[in-house]
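At position 171 of the sequence shown (counting the first as 1) the number is 171 in full-length UniProt numbering, and the numbers step up by one without a gap.
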Amino acid sequence: MAKGHCRGVLLRNLEDRDALVDVTTALQETCAANELLSRTHVALVALTPVGCALEEMATRVEQVLGTMQIQQLDLLLLQAQSLTGSKGLHERKRAVLEAWEHMMVIQQAGLVQRIGTSDLSIQDVDFLLTAYPENPPEAWSIELLLPGMTSTSSDSDVPLEDVTAFAHAHSIDVLVRFPFAHLDSIKPEAVQEDWGLLTRTLADRYRERPFKFLVAHENEGTVASYHMESHALSETTVMQTSLQIAVRYLLQKGLVVIPQGFYDLQQREKTSNYRSTHEATMREIFEHLAHPFTTTHPSCSPQKMYSSLLTREDLAAIDRALPLATSFPLPAPPRTPISTTGRSRPGSRQDRRMHMPTTLSRPPTAD
1 MAKGHCRGVL LRNLEDRDAL VDVTTALQET CAANELLSRT HVALVALTPV GCALEEMATR
61 VEQVLGTMQI QQLDLLLLQA QSLTGSKGLH ERKRAVLEAW EHMMVIQQAG LVQRIGTSDL
121 SIQDVDFLLT AYPENPPEAW SIELLLPGMT STSSDSDVPL EDVTAFAHAH SIDVLVRFPF
181 AHLDSIKPEA VQEDWGLLTR TLADRYRERP FKFLVAHENE GTVASYHMES HALSETTVMQ
241 TSLQIAVRYL LQKGLVVIPQ GFYDLQQREK TSNYRSTHEA TMREIFEHLA HPFTTTHPSC
301 SPQKMYSSLL TREDLAAIDR ALPLATSFPL PAPPRTPIST TGRSRPGSRQ DRRMHMPTTL
361 SRPPTAD
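Below, the structure is given as structure tokens:
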């Protein structure tokens with residue numbers, strides 16, 4: 001994400017006004033409780049609405065800004081489910097490029113700072129890179145599949161390494177939606193056993209890691225003497241669970257991690273036990289990871305080591321023990337076409353003048 005941001009909020013449904021108000025209130029309360037935090041320290045990321053005509057996306061974003069009383073979103077992601085259905089490669093390419101034209105118009109209007117994609121395939125993103133080399137996607141959100149998991153919206157899986165290599169080669173930040181709740185139920189059992197053995201080995205090694213410091217001895221009337229002491233991290237809570245190690249692994253691969261458990265909180269019954277379990281998991285991730293997001297800027301280089309917690313050998317061992325993949329949803333069925341004049345098409349310059357006002361209203365900024 002943007003350099004300087006170490007936390008963010010993903011807005012999955014721009015139609016849910018109550019959720020937008022809740023997020024706004026939570027951000028205000030969080031910043032009020034910590035004088036070192038401000039709204040600029042939190043990245044607001046949103047997905048384009050599903051079932052919304054391309055011409056209406058700018059209006060929807062404006063409504064969100066008004067509800068949240070902010071000037072612009074930090075990042076707007078064009079999600080695959082927002083695209084019109086297509087029967088062939090040519091139609092798919094046309095749909096992707098047409099949607100991206102609308103995304104660029106929204107960005108140029110100042111409603112969003114950056115634009116990216118969500119769940120678009122490698123081929124879709126390549127269409128954008130070829131057609132708009134000066135306005136490429138800056139971020140790419142994908143679903144992370146653990147071993148044994150299958151996507152309900154796609155017939156084929158793609159190794160995470162392939163997507164990451166392609167994205168980082170084009171300076172695109174990768175946001176992975178991490179289903180941490182399934183980490184302890186990986187299938188088949190042989191993979192689970194190998195992963196468990198590796199994480200225990202890494203945890204033990206980290207506890208045994210020594211650190212040295214200089215100790216001074218005061219001597220009356222003489223020059224002070226010094227000696228070096230060495231201690232182990234035996235009581236540490238960092239890198240001691242499979243979840244912490246998995247998140248650290250993803251971070252050192254230059255990925256931005258979105259814990260997917262938050263989605264479940266919105267879809268399941270919010271019992272106190274269920275909520276407390278997930279809150280404990282969030283604390284496990286964010287309180288004991290030794291500042292996982294400090295000066296991390298994923299798009300710098302896919303080869304750069306962002307931390308020394310896991311060595312290159314450790315990363316290679318995790319690659320073998322925990323093969324990760326992603327998938328891209330199949331195109332949505334065609335929607336009812338929107339009537340246009342013969343002289344314009346959605347996304348064209350003439351159409352933009354018809355649907356995008358010359359001066360967009362600016363919502364007031366919350367104090």
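Note that beta-carbon positions come from the ideal geometry of N, C-alpha and C, so glycine has one too. Here the structure is a predicted model, which is why all the values come from computation and not from measurement.
Residue pairing by DSSP puts D157 in a beta bridge opposite S327. 8 Å or more divides the Cβ of L183 from the Cβ of A139.
For D74 against V50, the beta-carbon gap comes to about 21 Å, at or over 8 Å, which does not count as contact. A contact is defined here as three or more CB-CB pairs under 8 Å, and the stretch 18-25 fails this definition with respect to the stretch 83-92.
About 6 Å separates the beta carbons of L77 and T117, which is inside the 8 Å limit, making them a contact pair.
In the DSSP assignment, Q123 falls within the unbroken alpha helix (DSSP H) covering I122 to A131.
Taking 8 Å as the upper bound for CB-CB distance, S225 and H231 are not in contact here, some 20 Å apart. Boundaries for A181: no beta strand (DSSP E) harbours it, and the DSSP string shows neither H nor E there. CA-CA distance, E29 to H41, rounds to 14 Å. Setting aside the 5 residues that flank it on each side, D157 is surrounded in the same chain by L145, T150, S151, A325, T326 and S327, each with a C-beta closer than 8 Å to its C-beta; the list follows chain order. A Cβ-Cβ separation of about 6 Å places I258 in contact with F178 under the 8 Å criterion. Counting along the chain, no beta strand (DSSP E) covers A53, and no H or E run does either. Going by C-alpha positions, V191 is about 8 Å away from P147. Using a Cβ distance threshold of 8 Å, L47 and R12 count as a contacting pair. The three-state reading of DSSP puts H217 in strand, counting E and B together. Note on D173: 16 or more other CB atoms within 10 angstroms of its CB, so buried under the neighbour-count rule. For R205, the enclosing alpha helix (DSSP H) begins and ends at E189 to R207. By the neighbour-count criterion, in which a residue is buried when 16 or more other Cβ atoms sit within 10 angstroms of its Cβ, L27 is buried.
Secondary structure of M103 (DSSP, three-state): helix. DSSP, read as helix, strand or coil, puts M239 in coil. DSSP places T117 outside any alpha helix (DSSP H); the residue lies instead in the beta strand (DSSP E), whose first and last residues are V112 to S118. Separation of A280 and Q123 (C-alpha to C-alpha, rounded to the nearest whole angstrom) is 39 Å.
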